[in-house]
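In this text, residue positions in the sequence shown follow this note's numbering: the first is 7, and each later residue adds one. From the three backbone atoms N, C-alpha and C, an ideal C-beta is built for every residue, glycine too. Everything on this sheet refers to the single structure shown next.
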Amino acid sequence: MWAAGSVAAFFLIIDSAFFLANLTKIGEGGYVPVILAFCVYGVMWIWHRGAAAVMARMHESLTPVPQFMKEIQSKNVPRVPGTAVFLTRTERDTPPVMVWPRQA
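Below, the structure written as structure tokens:
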């Protein structure tokens, strides 16, 4: 903890010196990179909030695997022997890509 704190303090001192040295240049056109940085940060913030909202919405409609398997068996959906791999962010439930044809 002490090592991480001392390294962070070292970089904070150096970055503060750079910031204070460049603060006088804001009025001479340095505001342009600051405005661009705020725009890029805004885009990233909106993207993050949208991705979080999509993930929250997706987790609301996930189907547990046992329930999905019962539905597959009750509808006599033909199954192919073997293993399928689905890249998904779900940890325990059925991947949404497997449920899409059932909802159509």
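Q) Alpha carbon to alpha carbon, what distance is there between Gln73 and Val111? A) The requested residue 111 is not part of the displayed model; the chain covers only 7 to 110.
Q. Are there 16 or more other CB atoms within 10 angstroms of the CB of Thr100, so buried, or fewer, so exposed?
A. buried
Q: Note down, in chain order, each residue of its chain lying with its Cβ closer than 6 Å to the Cβ of Arg108, except the 5 sequence neighbours on either side.
A: With a pLDDT of 49 at Arg108, under the threshold of 50, the modelled position of this residue cannot be trusted; read the value that follows with caution. Contacts found: none.
Q) Should the segment 90-104 be called in touch with the segment 60-70, which here means at least 3 C-beta pairs below 8 Å? A) yes
Q) What did DSSP end up calling Val103 once you bin it into helix, strand or coil? A) In the three-state DSSP reduction, Val103 falls in the helix class (H, G or I).
(Q) By the three-class DSSP mapping on this structure, what secondary structure does Leu68 have? (A) Looking at Leu68 - three-state DSSP - the assignment turns out to be coil, as it is neither helix nor strand.
(Q) Rounded to whole angstroms, what is the Cα-Cα separation between Val49 and Asn82? (A) 47 Å
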